[in-house]
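J.:
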Amino acid sequence: MHDLRMVREQVDTLRDGMRRRGKLDALAPFIDRAAELDTERRATIQVLEERKAARNSLTQDVAKRKRAGENADEQLIESRNLGEEISRLEGELAMVEKDLESSMLEIPNVTLDDVPEGGEENNKHVRAWGEPRATAGVKPHWEVGVALGLIDFERGAKISGSGFIVFRGKGARLVRSLMSFALDLNTKEHGYDEAWLPIVVNRASMTGTTQLPKFEEDMYGISNEELFLIPTAEVPLTNLYANEILPASDLPKAMTAYTPCFRKEAGAHGKDTRGLLRVHEFDKVELVRYATPETSAGELEILTGHAEKALQLLGLPYRVVLLAAGDTGFGSAKTYDLEVFAPGVGVWLEVSSCSVFTDFQARRAGIRYRPAEGGKPRFVHTLNGSGLAFPRIIAAILEHYQNADGTVTVPEVLRPYLGTDRLD
RNA sequence: GGAGAGAUGGCCGAGAGGCUGAAGGCACCGGUUUGCUAAACCGGCAUACGUGGAAACGCGUAUCGAGGGUUCGAAUCCCUCUCUCUCCGCCA
Numbered sequence: 120m121h122d123l124r125m126v127r128e129q130v131d132t133l134r135d136g137m138r139r140r141g142k143l144d145a146l147a148p149f150i151d152r153a154a155e156l157d158t159e160r161r162a163t164i165q166v167l168e169e170r171k172a173a174r175n176s177l178t179q180d181v182a183k184r185k186r187a188g189e190n191a192d193e194q195l196i197e198s199r200n201l202g203e204e205i206s207r208l209e210g211e212l213a214m215v216e217k218d219l220e221s222s223m224l225e226i227p228n229v230t231l232d233d234v235p236e237g238g239e240e241n242n243k244h245v246r247a248w249g250e251p252r253a254t255a256g257v258k259p260h261w262e263v264g265v266a267l268g269l270i271d272f273e274r275g276a277k278i279s280g281s282g283f284i285v286f287r288g289k290g291a292r293l294v295r296s297l298m299s300f301a302l303d304l305n306t307k308e309h310g311y312d313e314a315w316l317p318i319v320v321n322r323a324s325m326t327g328t329t330q331l332p333k334f335e336e337d338m339y340g341i342s343n344e345e346l347f348l349i350p351t352a353e354v355p356l357t358n359l360y361a362n363e364i365l366p367a368s369d370l371p372k373a374m375t376a377y378t379p380c381f382r383k384e385a386g387a388h389g390k391d392t393r394g395l396l397r398v399h400e401f402d403k404v405e406l407v408r409y410a411t412p413e414t415s416a417g418e419l420e421i422l423t424g425h426a427e428k429a430l431q432l433l434g435l436p437y438r439v440v441l442l443a444a445g446d447t448g449f450g451s452a453k454t455y456d457l458e459v460f461a462p463g464v465g466v467w468l469e470v471s472s473c474s475v476f477t478d479f480q481a482r483r484a485g486i487r488y489r490p491a492e493g494g495k496p497r498f499v500h501t502l503n504g505s506g507l508a509f510p511r512i513i514a515a516i517l518e519h520y521q522n523a524d525g526t527v528t529v530p531e532v533l534r535p536y537l538g539t540d541r542l543d
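Mapping of the first sequence onto the numbering used here: position 389 corresponds to residue 508, and the numbering continues sequentially without gaps.
1. Which residues in the same chain as A508 place their Cβ atom closer than 6 Å to its Cβ, once the five residues preceding and following it in sequence are excluded?
2. Is the region 430 to 438 touching the region 518 to 538, taking contact as three or more C-beta pairs under 8 Å?
3. List the whole-angstrom C-beta distance separating F334 from S222, where the pair is believed to meet the contact cut-off of C-beta under 8 Å.
4. Taking the runs of the alpha helix (DSSP H) that are 4 residues or longer, which of them lie wholly in the region 319 to 368?
5. Leaving aside the five residues before and after P366 along the sequence, list all residues of the same chain whose C-beta is less than 8 Å from its C-beta, in chain order.
6. Would you identify the three-state DSSP class for A537, choosing helix, strand or coil?
7. For R322, collect the residues of the same chain with a Cβ closer than 6 Å to its Cβ; drop the 5 residues on either side in sequence, then sort them by chain order.
8. My output table needs one value for I164: the three-state DSSP class, helix, strand or coil.
9. Considering R487, what are the terminal residues of the beta strand (DSSP E) in which it resides?
10. In whole angstroms, give me the CA-to-CA distance for E155 and E405.
11. Please report the straight-line C-alpha distance between D157 and L537, rounded to a whole angstrom.
12. Which residue wins for smallest C-alpha separation from G445, given the options N228, R160, V475?
13. Assuming contact is defined by CB atoms lying nearer than 8 Å, are A416 and V475 in contact in what I supplied?
14. Tell me whether the region 136 to 146 and the region 160 to 177 touch, counting them as touching only if at least three CB pairs, one residue from each stretch, are closer than 8 Å.
15. Assign A314 to one of three DSSP states: helix, strand, or coil.
16. Can you tell which of R497, P379, E159 has the C-alpha that lies nearest to the C-alpha of L370?
17. Please identify the residue among A481, G340, K383, A461 whose C-alpha is closest to the C-alpha of I512.
18. For L435, which of helix, strand or coil comes out of DSSP?
19. Could you check whether the region 516 to 528 touches the region 338 to 358, counting it as contact only if at least three pairs of C-beta atoms, one from each stretch, sit closer than 8 Å?
20. Here's the rule I'm using: 16 or more other beta-carbon atoms within 10 Å means buried, otherwise exposed. How should A145 be labelled?
21. D485 and A361 look like a contact to me (Cβ under 8 Å); what is the Cβ gap, rounded to whole Å?
22. Please work out which residues of its chain come closer than 8 Å, Cβ to Cβ, to E418, disregarding the five sequence neighbours upstream and downstream, and give them in chain order.
23. May I have the straight-line CA-CA distance separating A153 from T328, to the nearest angstrom?
24. Answer with buried or exposed for M338, where buried requires no fewer than 16 other C-beta atoms within 10 angstroms of its C-beta.
25. Report, in whole angstroms, the separation of the C-beta atoms of F283 and A291, which I expect to be a contact under 8 Å.
26. Could you pull the start and end residues of the alpha helix (DSSP H) that V265 belongs to?
27. Mind checking G256: buried by the 16 CB within 10 Å criterion, or exposed?
28. Quick check on V398: does DSSP put it in helix, strand or coil?
29. Which stretch, first to last residue, makes up the beta strand (DSSP E) that contains A247?
30. Can you have a look at S324 and say buried or exposed, based on whether 16 or more other CB atoms are within 10 angstroms of its CB?
31. Run through DSSP, which three-state label would E413 get?
32. With burial defined as no fewer than 16 other Cβ atoms inside 10 Å of the residue's Cβ, what is the status of V320: buried or exposed?
33. Does G450 pass the burial test, meaning 16 or more other C-beta atoms within 10 Å, or should it be called exposed?
34. On the CB-based measure, 16 or more other CB atoms within 10 Å of its CB, does A481 come out buried or exposed?
35. Can V245 and V466 be called in contact, C-beta distance under 8 Å?
36. Using three-state DSSP, classify H309 as helix, strand or coil.
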């Protein structure tokens, strides 16, 4: 699955990258092991191919002799011996490659040069938009949501379990409005190609976008089937062109989709668990882009701008945070988090995470493009970001637009979709 | 869920243990001929990896849906899986 070709070239970069992430100590053994296994792999391949070449010519010789009616016993014996050696070498190679692959799958992506080193404390506030509302007198979204009959937590828990939400009435319609708003914005204004996707995917897809093998415990699976519920539309959307070679003229490629997302959030109990802040199933419109290595850094700015535009149109004050290397996700090379202020809860909510993955995902999923006619294929660079994760946006709306009488004013852009200017 | 058929290069399609990286056709590229176009004729035309080379290119290995097996040798025989098609059943 993972492309094993460039390991030798990658090793030094990896070591430097893990130092920047503050993970060198933890990962050095994997990197050293990968370098070692890579050398072994190449050596084995060379011997193996040489033996195969010898056998192939012996085989030709046998055929020739048989046709001429000559004896070929000697060649047969020699060939059989070679065959045994070849099987043995193939077994060795398979083991080496398996080890090498699992070493490589453990190692996170290397971050870009302009990403701050270190952990979360080095995250950088890049810019802010809008004026956060004062917190005094603003109720948390779960109170107004329930009071206005928009959200039914109890029945969600009853039919599915804690962390599953039922939206009702105008609340349900609000979800649908956000879906239409976000898709319309990104298809009509930002040039994304819309897809409607399966939310159940196979193991290869989950590995391609690097959710597996590292995060299997966070996935919902379908029992006895090697199928998983997607944690984000990034998975099916990015994998659409897995194991394909695209013409250069297809890049940049921009795709968007609405899907439900499923996350077990294993080990997250107790943190942000109230209300809509951390749920097991939620809705999201995702943005995915494929770019060339030369343009991907700039493409991240474009993508982030698209996500910001949605927040601006909704009139929700937000800030843009550049994550430090140690806080950047496993596969990402650079991530901007968009955080919206929720005055009822009094916290900044991460509503979008925009990342460039360089060739990290493309390498695993086999997504390539051909730079020139007849030229060598290269891996694309993949990017993605939430074009809005709904529950937290809903939380922010219920708090930011909350009126003194407990009603909520509907952001102007949603009124045509929702058919009302007021939740009451 | 049951029963059957199938998967071969960019496309169509032969091949049924060795002389097949793969006939033939279409498409495409170059050329000849021809007022132009078309037609005819000649030639070329898969990919990946490794290796040598400044390069052109040479050499090696692999690839006929995927993975195993049989065999000195597999597109070809056997097994498993995936996908597609047809028929039956069931179903929002």
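Cβ coordinates follow ideal geometry from the N, Cα and C atoms, glycine included. Note that the structure is predicted; figures quoted are calculated from it, not measured.
T.: If we stick to the structure as given:
1. K403, V470
2. yes
3. Rounded, the Cβ-Cβ distance is 18 Å, inconsistent with contact.
4. 322 to 327, 353 to 357
5. Y488, R489
6. Residue identity check: residue 537 is Leu in the sequence provided, not Ala. L537 falls in the helix class under three-state DSSP.
7. E345
8. helix
9. 486 to 489
10. 39 Å
11. 58 Å
12. N228
13. yes
14. no
15. strand
16. R497
17. A461
18. coil
19. no
20. exposed
21. In the sequence as presented, Asp is not what sits at residue 485; that position holds Gly. The Cβ separation is near 6 Å, so the contact holds.
22. P371, R408, A410, V475, H500, L502
23. 21 Å
24. buried
25. With a Cβ gap of about 14 Å, F283 and A291 do not count as contacting.
26. 260 to 266
27. exposed
28. coil
29. 243 to 248
30. buried
31. coil
32. buried
33. buried
34. buried
35. no
36. coil
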